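Worksheet for the structure shown next.
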Amino acid sequence: MTELAAPHGRRRPIPTKAASAEPVAAALPTRILVVEDDFLISLEMESTLTAAGFEVVVVGSGEEALDSAAADRPDLVVMDIRLSGAMDGIQTALELFRIYGLRSVFATAHSDSDVRARAAPAEPLGWLVKPYTPASLLSAIRSALRSGSSSAG
4 MTELAAPHGR RRPIPTKAAS AEPVAAALPT RILVVEDDFL ISLEMESTLT AAGFEVVVVG
64 SGEEALDSAA ADRPDLVVMD IRLSGAMDGI QTALELFRIY GLRSVFATAH SDSDVRARAA
124 PAEPLGWLVK PYTPASLLSA IRSALRSGSS SAG
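So, in structure tokens, the structure goes:
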């Protein structure tokens with residue numbers, strides 16, 4: 004069982020599949036922090052990623068993301084840009100990168116050149132444009148994990 008933080012700080016245990024069920028996930032870092040304040044979108048992401056064999060922690064704000072990163076030590080972050088709370092997704096990603104070296108895949112409907120320029124210092128590993136499909140989510144995650152592991156060396 005893995006304990007997941009639902010948006011707004013609720014934690015709940017859920018069963019996870021063995022990492023060996025997904026060859027790409029087994030060979031690469033598998034703990035993913037999802038930062039998404041839309042509860043239904045966060046549930047969909049959690050379900051898709053868990054079914055693919057990843058360990059998933061879901062939080063609903065930038066502040067919760069910083070706390071979770073300290074406690075859960077994720078390998079990758081999926082970050083919404085527009086979040087509730089004092090910090091938006093770009094500010095949160097910048098802090099996660101500065102403090103922990105964590106890199107993000109941004110999942111957003113807002114990915115114009117100004118947004119991408121603001122996010123550049125966080126060295127994003129990808130952009131997932133909403134609305135997205137479960138297949139495009141998994142593709143973005145796998146690509147980011149491959150890219151992140153090849154640059155970590």
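Each residue of the sequence shown is one higher than the one before, counting from 4 in this note's numbering. Every residue, glycine too, gets a C-beta built ideally from N, C-alpha and C. Just so you know, these numbers come straight off a predicted model, no measurement behind them.
Original post:
Exposed or buried, what is PRO26 when buried is set at 16 or more other beta-carbons lying within 10 Å of its beta-carbon?
Top reply: No answer about PRO26 holds up, because its pLDDT of 49 lies below 50 and its placement is not dependable.
**OP:** Indicate the three-state DSSP secondary structure (helix, strand or coil) for MET82 in the structure shown.
**Re:** Looking at MET82 - three-state DSSP - the assignment turns out to be strand.
Original post:
Ends of the beta strand (DSSP E) at GLY129?
Top reply: In the DSSP assignment, GLY129 falls within the unbroken beta strand (DSSP E) covering 129-132.
Original post:
Does the stretch 132-143 come close enough to the stretch 62-77 to have 3 or more Cβ pairs within less than 8 Å?
Top reply: The stretch 132-143 and the stretch 62-77 do not touch, with fewer than 3 CB-CB distances between them shorter than 8 Å.
Original post:
Hey, how far is the Cα of GLY88 from the Cα of ALA120?
Top reply: Their Cα atoms are separated by approximately 22 Å.
**OP:** For the alpha helix (DSSP H) holding ARG119, just list the boundary residues, first then last.
**Re:** Segment 116-122, the alpha helix (DSSP H) holding ARG119.
**OP:** List the endpoints of the continuous beta strand (DSSP E) containing ALA110.
**Re:** Residues 107-111.
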